[in-house]
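Asker:
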Amino acid sequence: MKKKIIFGIAAPIAMIGFPIFAISCASNKLNSEIIKLNTKDNLYQKFDVTDFHNVGKIFDTKVKYNIRKDGIRVPVEQTLWEYFNYAEGEIVNLADGDTMTVRITQQPKILPNGSTITLSNTIKIRIPLIDTLEENTSNVGEEEKRLAHIDSEYARSMLPVGAKVRMISKNWNDKSYDRVVASVFFGENFTRNFAIEMLAAGYTLAKIEKVNVIDFLADYNKPEDEARELYSYTIPYAAYAINYGILNKKGFYGEPHNFKDPYVLASKYLEHGEALINSSLFILHPSLWAKNAIKSNSENNIYKFLESKNQNKE
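Taking UniProt numbering, I'd label the letters of the sequence shown as residues 1 to 314.
#1: Got a sec? Which residues, its chain only, sit under 7 Å from P112 by beta carbon, not counting five neighbours each side?
#2: Spatial neighbours of N301 within its chain, please: CB distance less than 7 Å, with the 5 preceding and 5 following residues excluded, ordered by chain position.
#3: For V55, name the three-state secondary structure that DSSP assigns.
#4: State buried or exposed for A218, treating a residue as buried only when at least 16 other CB atoms are found within 10 Å of its CB.
#5: What does Q106 pair with, by DSSP beta-bridge criteria?
#6: Anyone know if the C-beta pair for I110 and I123 falls short of 8 Å?
#7: F190 by DSSP, collapsed to three states: which one?
#8: Rounded to a whole number of angstroms, what is the C-alpha to C-alpha distance between A148 and I58?
#9: Exposed or buried, what is I196 when buried is set at 16 or more other beta-carbons lying within 10 Å of its beta-carbon?
#10: Would you please state the rounded distance, in angstroms, between the beta carbons of L199 and L94? I believe it to be under 8 Å.
#11: For K304, which residues in the same chain have their Cβ closer than 6 Å to its Cβ, ignoring the five residues on either side in sequence?
#12: Just to confirm my understanding: we take A239, look at its own chain, exclude 5 residues before and 5 after, and list those with CB closer than 7 Å. What are they?
#13: Tell me, please, which residues DSSP counts as bridged to M198.
#14: Hey, how far is the Cα of K260 from the Cα of V92?
#15: With C-beta atoms as the reference, is L276 less than 8 Å away from L230?
#16: Could you pull out every residue in the same chain whose Cβ sits closer than 7 Å to the Cβ of Q106, ignoring the five residues on either side in sequence?
#17: According to DSSP, P75 sits in a beta bridge with which residue or residues?
#18: Among S138, V140, T39, D151, whose alpha-carbon lies nearest the alpha-carbon of H257?
#19: Span of the beta strand (DSSP E) holding R179?
#20: Tell me whether the segment 124-133 and the segment 169-188 touch, counting them as touching only if at least three CB pairs, one residue from each stretch, are closer than 8 Å.
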């Protein structure tokens with residue numbers, strides 16, 4: 001798994017200065033009620049983010065928009081699967097916990113404007129929204145490799161060779177090194193999202209980029225039939241999932257590892273562990289933030305953002 005420098009979800013968060021292995025946070029305040037996202041967003045009144053094994057159902061939602069075709073305005077109605085130009089395939093292998101190779105069995109369909117996208121018969125995929133420990137780089141230590149092997153094996157148990165998957169992408173031409181960046185869904189009717197499952201299982205930190213946060217804040221409470229940015233649909237599930245995994249001592253937070261909080265997990269990353277904590281803060285419940293971090297607010301934390309929106313509606 002090759003690494004890129006992550007500067008955090010917003011400049012103030014990226015500038016937090018602390019040794020990630022010596023942080024005290026208020027994780028004892030976490031409980032099953034406060035990690036629920038109390039949202040008035042019309043879409044999430046219909047789709048419960050605590051039901052994180054069924055993320056794919058939200059993409060059955062139909063959206064409407066207009067295109068120009070031969071100079072004429074043409075209305076289009078599609079499911080979100082179609083809007084994000086889904087492809088299907090079978091797992092060839094998983095290199096680690098966030099990188100996999102897929103053999104394409106169904107190419108993306110022709111777009112309403114007539115354009116087409118043709119993927120290679122076999123593609124490497126980089127999973128968005130997460131960044132797992134490094135297993136296949138020679139300069140990482142034995143502890144990180146050992147832990148990375150554990151999260152990779154969990155990933156392989158979910159997606160064994162031959163497993164059928166459905167993939168959607170913000171842009172099929174968007175690549176991270178030689179890998180296509182795409183969200184992967186699996187299981188019956190493709191309802192389970194791989195990144196969300198890894199977060200809920202306690203095996204990874206999140207990788208929420210600043211642009212993802214900006215998009216989510218701008219997309220809040222749009223009409224159900226108006227398309228949002230791709231990760232605006234999955235970030236609420238990611239928020240519940242990562243806090244669920246920590247609260248319920250899943251993966252590295254449980255036996256035999258017993259990591260106290262995500263800062264301990266971040267300390268196991270050879271490269272940019274501190275940056276990964278910063279890029280997780282938007283979806284971490286504020287009770288998990290380090291005491292010497294900047295104060296959480298409606299612009300840098302999803303729980304605070306939803307709280308502010310709920311207050312404005314009262």
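Yeah, the Cβ is synthetic: ideal placement off N, Cα and C, and Gly gets one too.
Answerer: So, from the listed chains and residues:
#1: I67, V76.
#2: Contacts found: L281, F282, P286.
#3: When secondary structure is reduced to three states using DSSP, V55 falls in the helix class.
#4: A218 comes out exposed.
#5: Secondary-structure assignment with DSSP links Q106 through a beta bridge to E88.
#6: No, they are not a contact pair.
#7: The three-state secondary structure of F190, taken from DSSP, is helix.
#8: Taking the straight line from one Cα to the other gives about 31 Å.
#9: Buried.
#10: Not confirmed; about 17 Å, so no contact.
#11: A distance below 6 Å between beta-carbons, with the five flanking residues on each side excluded, links K304 to the following residues of its chain, in chain order: S296, N297, S298.
#12: For A239, the CB contacts under 7 Å within the same chain, skipping 5 residues up- and downstream, are L37, I283, I302 in chain order.
#13: In DSSP, M198 forms no bridge with anything.
#14: Spanning the two alpha carbons is a distance of roughly 35 Å.
#15: No; because the gap between Cβ atoms is not below 8 Å, this pair is not in contact.
#16: Only A87, E88 meet the Cβ criterion.
#17: P75 is bridged to N66.
#18: With respect to the C-alpha of H257, the residue from S138, V140, T39, D151 having the closest C-alpha is D151.
#19: Looking at the DSSP string, the run of the beta strand (DSSP E) that includes R179 is 179-181.
#20: These segments touch.
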